[in-house]
Structures are given as C-alpha cells and as structure tokens.
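What the sequence shown shows, in mature numbering (1 follows the signal peptide of the UniProt record, and there is no 0), is residues -19 to -1, 1 to 314, in sequence order.
Each residue gets a CB set at the ideal place from its N, CA and C atoms; glycine is no exception.
Note that this is a predicted model, so its numbers are computed, not measured.
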Amino acid sequence: MKALLSAILLITFSHLCFSQQTYAPAAPLPAKNLGIYGRGLYPGNDTTYRLLKHSGFNTLLLSSFYIHANGDLYSGDSHQPIIHNGKWVGDSSYVRRVTGLKRKSSISRIEILLEGRWYGQPPNTFDFIRDWYDPSKTVPGIVTGIGEQSTLYNICRVLKEVLGADAFCIDDESVYDSPSIIAMGKIAAKLNMHMTLCPYKGYAYWGSILKASDVNVVDALYLQCYDGGVKNEIKDWVEALKPKQPIYPVFMVRGSFSTCDTYKGSKSVTEIKTQLKGFKNDYPGISGAAIWQMEDLKSFVKMGCAVKEPTSGNAKSVARFLSQLKKTLKSEL
C-alpha cells in the first residue's frame, strides 16, 4: 500500500514538474547593437532575407504587428491574421525564413515590433492590451489577465514558439497606459523573452515602465529620431530617465515616404553619420543604433535616388546601401 501511494505521489509530482512549458533563454543584446526594422518582410522573399543575413546588422526588428479586437494578431503587411485563437495561422514560408535568420548569419536577435494606432486610427494593439491585462475585467471572446490561458500570453507564446522571437518591442504612440505595459513585461519574463521600448516622446510614461520593470527583461530603448521624434536629443533622454538599459537612436533613411529628399527627418548615410557622432559626444556610453526600415532601403534603390538626387546617397543596390549603413554606424560607436 505504501509502495503504491509512493508511486502515485511520484507520478503526480513528475506531472506537475514537467507539465510546465520551459523556454530557451532569449538572445541577449549584442555588445555593439546594430538594429534594422523590417517592414515589408511578411511573407517576404528569400533574396531579401539573404541580404539581411549577410548585412552585418545583428538585431532584426520585424515590423509591424497589430492586435485586433477579437484577439487576432495581424502583420501590417497582410490583411489576414497570423495568430488566431492562440494558434499560428500565418504563412509557412515566413516561418521558414524567420527561423532560418540566425543560421550562418550576422543576425543574432529577433524582435517583434508591436505597433499601435496613430493619426486617428481606430483602437488596436495598446488599447486592447490596456483593456485585457486585468483579470478582473470581462471582455466577450477574450481571456483577460496575463496568465497562461490569457489571450495576451498566448499571442506572445506563439511568437516565441513559432518564430523563435527573442523580444517584443513596444511602440505605443497613443494609449500610454504604463500598468498594462509593465504587465506585458511579466509575460515576457514567463516566456524567457525580453521586452524593449520604442519611444518618441513622453519621459514620464516610459520612465515609469523602466522603474517598475526588471532590467534583465526590459533591456533596451530604441529612441525614434525622425518624424515626431525628429528633434530628440539622446542626452535629454539619458538625463530624464537615467536608465540602466542602453538607449539606441533610430534613424530613418532617405527613400522613406517614397521620396529621395529629406522628409520627416529622413537622412542620407552622411547625415546619419554626422548626427550619430554628435550623439556619441553627448552620450559616450552609446553602444548601438538602428535603422528604420528595410522597405525604405528598397524604395531608395527602386526610385533611383542615387541618380535622381545625388545628395541623398550613391547606393544603387540594397546590398550596397546596407553595407554603407553598417560601416557608418560601426564607425561612430
């Protein structure tokens, strides 16, 4: 009888131990982090992914992704959901391309950019994160809270399990509800993921998230230095937030908004070099920078900007453009 009871207890204990899913640790930030945002990569093509693998950039931030009212996750490049009812329903070739990114590649870290509404768009991503993170709330068709059965947890879980994502990046430009984003950091921790922040304004909001978050989970800030953040000075953010995490400036290239000219803070490679050099003087500890975004590099080349507007740069191929940007960023870090 005692032997039978011991066996039952052992089986029960084993079940409890092994029924919990464990996840591989997320990739840490590279010592010198060169990031590039990747709009236009869903489902993408093999040629573009090969370019990224050999680009010399080491962090790819796949963008942009939106949560809808029914709990589905959409890519900004698709009119169909990629996650539905907590399961991957997206393009299989995209999964193959993304999961192959780190093989024989300069890419060592993959982040998912969660983007929200702007310019009067209807509610999405961060509206719903705010409305769903509290388990005491009832939302039809949604499992609220941040537990393992919750809608929010399962969106993040699929990104981890299916795409092998190391982090999700928060680009909130409208809702600014810090408790819900702090809760998202707790989901990241459960999944052995990181969470990064992508501000363009709002010291108090982003600072409150940093103060309430584990520095080993929320491990970086990507500061937008274009469009609404075109006047951002990195020294001001360092002084205001005093973060333990690194702050990386994000630059927008010429070719953005379908123009070779400077628009909303877009810059040539030479202009990026000048601004980054100034940031380095103001923030000697700077250890990385990022480029917004791969689709704009392609646009620059397709429009023939090197010929049409020589002051915008001289790259006549995407590979050349990537190489110039990599060398420029590395030279000033």
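{"Check": "Within the same chain, show all residues whose beta-carbon is closer than 6 Å to that of I136, passing over the 5 residues directly before and after it, in chain order.", "Outcome": "L54 and I64"}
{"Check": "Does DSSP classify W273 as helix, strand or coil?", "Outcome": "strand"}
{"Check": "I'd like the list of long-range same chain contacts for W69, defined as Cβ closer than 6 Å, with 5 residues on each side in sequence excluded.", "Outcome": "V139 and V143"}
{"Check": "Classify Q205: buried if its beta carbon has 16 or more other beta carbons within 10 angstroms, exposed otherwise.", "Outcome": "buried"}
{"Check": "Look up N14 in the DSSP assignment and give the residues it is bridged to.", "Outcome": "G269"}
{"Check": "Determine the closest residue to W187 out of K279, G266 and V219, with distance taken between C-alpha atoms.", "Outcome": "V219"}
{"Check": "Return the bridge partner residues of F232 from the DSSP annotation.", "Outcome": "I272"}
{"Check": "Alpha helix (DSSP H) containing K165: first to last residue?", "Outcome": "The sequence shown places Met at residue 165, rather than the Lys named in the question. Unbroken alpha helix (DSSP H) run through M165: S159 to K171."}
{"Check": "The alpha helix (DSSP H) with E252 in it runs from where to where?", "Outcome": "V250 to D263"}
{"Check": "DSSP three-state call for A146: helix, strand or coil?", "Outcome": "coil"}
{"Check": "Under 7 Å between the Cβ atoms of M176 and K141?", "Outcome": "no"}
{"Check": "For A201, which beta-bridge partners are listed by DSSP?", "Outcome": "T177"}
{"Check": "Would you kindly check if the distance between the Cβ of S45 and the Cβ of L94 is under 7 Å?", "Outcome": "yes"}
{"Check": "Hey, could you find the ends of the alpha helix (DSSP H) L310 is sitting in?", "Outcome": "V299 to E313"}
{"Check": "CB G236 to CB S304, shorter than 7 Å?", "Outcome": "no"}
{"Check": "Can you tell me which residues form a DSSP beta bridge with K283?", "Outcome": "Partner(s): none; K283 has no beta bridge."}
{"Check": "With DSSP as the reference, please indicate the residues paired to F46 in a beta bridge.", "Outcome": "S56 and L95"}
{"Check": "Quick one, which of S194, Q130, P224 and W273 has its alpha-carbon nearest V231's?", "Outcome": "W273"}
{"Check": "Out of I88, S131, Y229 and I91, which has the shortest C-alpha to C-alpha gap to I110?", "Outcome": "S131"}
{"Check": "Does DSSP put V120 in a helix, in a strand, or in coil?", "Outcome": "strand"}
{"Check": "Report all residues from its chain with a CB closer than 8 Å to the CB of L32; omit the five preceding and five following residues, and keep chain order.", "Outcome": "V299, A300 and L303"}
{"Check": "Assuming contact is defined by CB atoms lying nearer than 7 Å, are S86 and K167 in contact in what I supplied?", "Outcome": "no"}
{"Check": "Would the beta-carbon of K289 fall within 7 Å of that of C241?", "Outcome": "yes"}
{"Check": "Pull up the distance between the alpha-carbon of H(-5) and that of G126, whole angstroms please.", "Outcome": "With a pLDDT of only 44 at H(-5), under the threshold of 50, the placement of this residue in the model should not be trusted; the figure read from the coordinates follows. Straight-line Cα distance between these residues: approximately 25 Å."}
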